[in-house]
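Working notes, structure below.
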DNA sequence: CCGCTGCTGTGGTCTAACCACACTGTAAGC
DNA sequence: GCTTACAGTGTGGTTAGACCACAGCAGCGG
């Protein structure tokens, strides 16, 4: 076993035993190195991995933001992992879209009609309309769109599904942004997407999960079909 | 931007541009450090992250197994990330099980009746029976069980779903193993699970995806209910 | 009372050295 | 000629030590 793995194992043990919790701070790198009888380099390699996994955050200086603190951001980890594997072209974008449809329709069907996240989703829709009136760029719209879909996913109350949803979206974010260039009429598309969003939200609020799921699936598949999944593979 | 992120970015770029592909080798650490005008330490930190992401594998010595080569193992990355977050107790095991049911029923419904992976799945079922006759431990059975379920997921032909399935399973592997201790009669349970496996496989081969999905969901939920999800949280 | 200034502890980076490992080529021995 | 032993080479793995930038804090001087 390599040295940094020993450090990782130790930290994971501390987490499992509850001696280290989210918000808590790891010992300083030099201290930890001395405690575990390893070099600071190895400690740092372990911390790098924890950072990449969305489990820790390192900050310089002193004060509340300094030191290495335990966080919990599964989305970051899954997202960058998926993005890297998309880069290796061993994860087809079409599979990601398909999985997104699967997770998101499940979430829509499962979302509670009175979930507080829906309020936020509604507010995001109004913002999107404002973006349309101000003739902002498609990027602004897409950023809000991401947050809207995440809010819906959160409303289902499953942290794993939410994290996976977010990471899928993150992994193909650059891809989706490029797709807008293929659209013949962005304003028309934005208007249609907005209308679909409202339909979806209404269905969830009416407790009609089945309809919401179908609408979401059609919404996502329709967008990618219109923009042309795969056509930018050579771009 | 920190130095190791610069290195990561460079490597990701090489991957995206196709200058680096799965099976290919990264430049030697010392060489890369010199090329990018950074220290070997920073290069190593970047490579550690790639390893953790399942995108690279480092090997000492010389020959085919040596050097840092590009691989593609999304399951490893997602699995360890999920496991770490389970350790922080920010990802409830119940959510993981729920997500597993979701993904696996979708895969069962979607699996092609003539997929080659089903042959492998059938062979695994025979092995499981052999394990039962030899009165092997539950661990042996569970190891085969994992491979069976993964084979079913692969039969659906979506790499993302397969990877997520595998990682979910990996992240709660230790948990599932401990659950067997809660079972009143392991042999009876194993026999029941085996029978359910054959039913599921038969449904898929008959092209009855809907039935297969329902059977899978009941199969998984039944197991965790019998073993008692959550009861080992204090163990 | 305010503002500056140095001290302290944090992570970030770099250099230089040594180790273990696995192959490769060469030379010695048969 | 063949086999064997061994030194050479290049790889990642690990370590020690130094220096930097940063952010807060205590103490000092105004």
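Protein chains in written order, with our numbering: chain D, 13 to 247; chain Z, 13 to 247.
For each residue, glycine too, the CB sits at the ideal point set by N, CA and C.
Proximal chain D residues relative to residue i, where beta-carbon distance stays under 8 Å
i: residue 60(Z); result: 16, 57, 60 and 61
i: residue 171(Z); result: 102, 103, 104 and 107
i: residue 201(Z); result: Within 8 Å Cβ-Cβ: nothing; residue 201(Z) doesn't reach chain D, min ~26 Å.
Local conformation of residue i per DSSP, three classes
i: residue 80(D); result: strand
i: residue 37(Z); result: strand
i: residue 56(D); result: helix
i: residue 261(D); result: Outside the shown range of chain D, which is 13 to 247, sits residue 261(D), and nothing can be said about it.
i: residue 98(Z); result: helix
i: residue 125(Z); result: coil
i: residue 184(Z); result: coil
i: residue 240(D); result: coil
i: residue 247(Z); result: Low confidence applies here, because residue 247(Z) scores a pLDDT of 33, under 50, leaving its location unreliable and the question unanswered by this model.
i: residue 85(Z); result: coil
i: residue 174(Z); result: helix
i: residue 106(Z); result: helix
i: residue 220(Z); result: coil
i: residue 231(D); result: helix
i: residue 92(Z); result: helix
i: residue 8(D); result: No answer is possible for residue 8(D): it lies beyond the span of chain D, which begins at 13 and ends at 247.
i: residue 146(Z); result: coil
i: residue 191(Z); result: helix
i: residue 74(D); result: coil
i: residue 140(D); result: helix
i: residue 50(Z); result: coil
i: residue 21(Z); result: helix
Beta-carbon neighbours of residue i, restricted to chain Z and to distances below 8 Å
i: residue 176(D); result: 111 and 176
i: residue 28(D); result: 99
i: residue 64(D); result: 61, 64 and 65
i: residue 149(D); result: Within 8 Å Cβ-Cβ: nothing; residue 149(D) doesn't reach chain Z, min ~24 Å.
N-terminal and C-terminal residue of the beta strand (DSSP E) that residue i is part of
i: residue 71(D); result: 68–71
Residue i, enclosing alpha helix (DSSP H) - first and last residue
i: residue 151(Z); result: 150–167
i: residue 212(Z); result: 198–217
i: residue 29(D); result: Here residue 29(D) belongs to no alpha helix (DSSP H), and DSSP marks it neither H nor E.
Residues near residue i by beta carbon distance below 6 Å, same chain, minus five either side
i: residue 143(D); result: 152 and 153
i: residue 44(Z); result: 55
i: residue 156(D); result: 136, 139 and 140
i: residue 244(D); result: Reliability fails at residue 244(D), whose pLDDT of 45 lies under 50, so the model's placement of it is uncertain and the value that follows must be treated cautiously. Cβ neighbours of residue 244(D) beyond the five flanking positions: 190.
i: residue 208(D); result: 231
i: residue 212(D); result: 224, 227 and 228
i: residue 77(Z); result: 71
i: residue 221(Z); result: 121
i: residue 98(D); result: 183
Contacts that residue i makes with chain D (C-beta to C-beta distance below 7 Å)
i: residue 24(Z); result: 96 and 99
i: residue 114(Z); result: 118
Listed by chain order, chain D residues near residue i by CB distance under 9 Å
i: residue 198(Z); result: Residues of chain D passing the Cβ test: none, with the nearest at roughly 26 Å.
Partners in chain Z for residue i, counting only beta-carbon separations shorter than 7 Å
i: residue 34(D); result: 100 and 102
i: residue 192(D); result: Under the 7 Å cutoff, chain Z gives no residues; its nearest Cβ is about 19 Å from residue 192(D).
Sequence-distant residues of the same chain with beta carbon closer than 8 Å to residue i, five excluded per side
i: residue 125(D); result: 216, 217, 218 and 219
i: residue 116(D); result: 161, 164, 165, 177, 228, 229 and 232
i: residue 236(Z); result: 109 and 191
i: residue 206(D); result: 137, 140, 141 and 144
i: residue 63(D); result: 69 and 70
Cβ-based neighbour list, residue i, same chain, cut-off 7 Å, excluding 5 preceding and 5 following
i: residue 16(Z); result: 54, 57 and 58
i: residue 246(D); result: In this prediction, residue 246(D) has a pLDDT of 35, which is less than 50 and means its spatial position is unreliable; what the coordinates show is noted afterwards. Once the five neighbours on either side are set aside, residue 246(D) has no close Cβ partner at all.
i: residue 131(Z); result: none
i: residue 302(Z); result: As shown, chain Z starts at 13 and ends at 247. That puts residue 302(Z) outside it, with no answer to give.
Checklist entry - Which of the residues in the region 152–168 of chain D, read from start to end, lie with their CB under 8 Å from any CB of chain Z? => result Answer set for the region 152–168 of chain D: empty.
Next on the checklist: By the 8 Å beta-carbon criterion, what residues does the region 117–133 of chain D contribute toward chain Z?
Outcome noted: For the region 117–133 of chain D, residues whose beta-carbon sits nearer than 8 Å to a beta-carbon of chain Z comprise 118.
Item to check | Under 8 Å (Cβ pairs) to chain D, residues found in the region 67–93 of chain Z | outcome: 67, 82, 84, 86, 89, 90, 92 and 93
Item to check | Selection of the region 35–51 of chain Z by Cβ proximity to chain D, strictly under 8 Å | outcome: Per Cβ criterion, the list is empty.
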